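K.L.:
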Amino acid sequence: MSLDIEKLKADVSMDVAQAATLEVLEAMRLKYLGKKGLLQELYAGLASASPEEKKLIGKGANELKVLAENLIEERKKTLSTSKKRGAAIDVTIPGVANDAGTKHLINQTLEEICDVFERMGFVIQRGPEIESEFNNFTALNIPLDHPSRDSFDTFYLDQEDPTAKGRYLLLRSHTSPGQMRVMQKHKPPMAVIIPGKVYRPDAVDASHSFMFHQIEGLLVDKNVTFADLKGLLTAFCKKFFGDDVKMRFRPHYFPFTEPSAEVDIQSNIFKGRAGKWLEILGCGMVHPKVFEHAGYPPGEYTGLAFGLGVERIAMLKHGIGDIRTFAENDMRFLKQF
Ligand code: DAH
């Protein structure tokens, strides 16, 4: 029996080093050290060998056994730690899904409302949150001594209005100044909605916040009537709150519209508020003074306008009792919508 023990040692080293997975390594262990493996074969051959051969084969086989055991043990360690580090990736394991966020309920509601008006032909416009006293009040026919101009009701900035000496810039207290910006740039006919944030120095409680969202609507053309306003807002309310919504237009006063009204609604979807009239928006026919400030020729156009509060509508629709929850970033609240 001739035995090239050095070649066998080289073979085992090569085989073990090339084993790329624990499974292949196990196959190599069986090949050399298993019950039907190469070493068992060598030992079996000893029976028919001469005494000198026995010595040689016995010594060589033992060396081979020790070498194979050591190499396999080491390789095993390498393979199992590299697997832990992720070097050997098992592509059959199901992946881990990313935790996707959701749109904030205020943005959802705002987009839903805008969507209804867009489908009726309105175009979205946006105005700045920092406004002039002129756009926020004067152009809207709000007199100089009107309480809403007071610093108790409006956030004034330290910065003087570059176009009006002695007048200061402010954070818009409603989206209505957007009307003026659109009219100064465009001629009728026009139908725009202006969504955005508004600011008022109110003490924060369950129904007041120093920042909230409004959506302003403005439609100007020749011969626009109050019937158009009623028709438009009725269509909106039915689309948004459902066909069985009840509405009433209650006379009101706004300096920038004449006549003016507030719209109240009743709906079964407002849990626990059945049979109660709930105010949802202000509206009216654009005051001639507003057209005058926009630079439109007197008597040529008529228009309708409305303004609604997004937080209020979201709270009614989803039965939310406290406006502060919108800004608390509690995932348990946000994830419900
Ligand atoms: N700007 C009013 C507010 O903040 C809401 C409003 C009322 C807007 C009547 C309008 C309107 O355009 O016609 O309370």
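Our numbering numbers the first residue of the sequence shown as 2 and each following residue consecutively. Where is the CB? At the ideal position from N, CA and C, for every residue including glycine. On a predicted model such as this, the values are computed, not experimentally measured, just so you know.
(1) If I'm right that Lys-240 touches Val-117 with Cβ under 8 Å, what's the distance once you round it to whole angstroms?
(2) Regarding Thr-258 and ligand 1, is the C-beta to nearest heavy atom distance less than 6 Å?
(3) What residue range is occupied by the uninterrupted beta strand (DSSP E) comprising Pro-260?
(4) I'd like to know whether the C-beta atoms of Leu-219 and Gln-185 end up nearer to each other than 7 Å.
(5) How would you call Gln-160, buried or exposed, if buried means at least 16 neighbouring beta carbons within 10 angstroms?
(6) Can you determine whether any heavy atom of ligand 1 sits closer than 6 Å to the C-beta of His-175, and answer yes or no?
(7) Do you know how far the Cα of Ala-62 is from the Cα of Lys-56?
(8) In angstroms, rounded to a whole number, what distance separates the CA positions of Tyr-254 and Ile-266?
(9) What I want to know is whether the C-beta of Ala-306 ends up closer than 6 Å to one or more non-hydrogen atoms of ligand 1.
(10) Return the residue from the list Gln-337, Glu-312, Leu-234 that minimises the CA-CA distance to Phe-123.
(11) Based on Cα-Cα distance, which residue from Leu-65, Glu-329, Glu-112 lies nearest to Gln-41?
(12) Closest by CA to Ile-270, which one among Arg-127, Glu-119, Val-246, Asp-5?
(13) Could you tell me whether any non-hydrogen atom of ligand 1 is closer than 6 Å to the CB of Cys-284?
(14) Classify His-214 as helix, strand or coil using the three-state DSSP reduction.
(15) Quick check on DSSP: helix, strand or coil for Lys-104?
(16) Applying the criterion that 16 or more other CB atoms from any shown protein chain within 10 Å of the CB defines a buried residue, is Gln-215 buried or exposed?
(17) Can you look up Pro-289 in the DSSP assignment and give me helix, strand or coil?
(18) Is the beta carbon of Phe-211 sitting closer than 7 Å to the one on Asp-203?
(19) For the beta strand (DSSP E) that Gly-304 lies in, which residues bound it at each end?
(20) Flag this pair as touching only if the segment 283-293 and the segment 165-173 have three or more C-beta atom pairs under 8 Å; answer yes or no.
P.N.:
Straight from the coordinates:
(1) Indeed they touch by this definition, with Cβ atoms about 5 Å apart.
(2) At least one heavy atom of ligand 1 lies less than 6 Å from the C-beta of Thr-258.
(3) First-last of the beta strand (DSSP E) with Pro-260: 258-267.
(4) No; because the gap between Cβ atoms is not below 7 Å, this pair is not in contact.
(5) By the Cβ neighbour-count rule, Gln-160 is exposed, with fewer than 16 other Cβ atoms within 10 Å of its own.
(6) The answer is yes for His-175.
(7) If you draw a straight line from the Cα of Lys-56 to the Cα of Ala-62, it comes to about 10 Å.
(8) Rounded to whole angstroms, Tyr-254 to Ile-266 spans 19 Å at the Cα level.
(9) Inclusion of Ala-306 in the 6 Å shell around ligand 1 follows from its C-beta lying nearer than that to a non-hydrogen atom of the ligand.
(10) Taking only the C-alpha atoms, the option nearest Phe-123 is Leu-234.
(11) Closest by alpha carbon: Leu-65.
(12) Selected option, being the one with the closest Cα: Val-246.
(13) Checking the Cβ of Cys-284 against ligand 1 gives yes.
(14) His-214 carries a strand assignment under DSSP once its states are collapsed to helix, strand and coil.
(15) Lys-104 falls in the coil class under three-state DSSP.
(16) With 16 or more Cβ atoms within 10 Å of its Cβ, Gln-215 is classed as buried.
(17) In this structure, Pro-289 counts as helix in the three-state DSSP scheme.
(18) In this structure, Phe-211 sits near Asp-203, with a CB-CB distance shorter than 7 Å.
(19) In the DSSP assignment, Gly-304 falls within the beta strand (DSSP E) that extends over 303-310.
(20) The answer is no - the segment 165-173 does not touch the segment 283-293, with fewer than three Cβ pairs under 8 Å.
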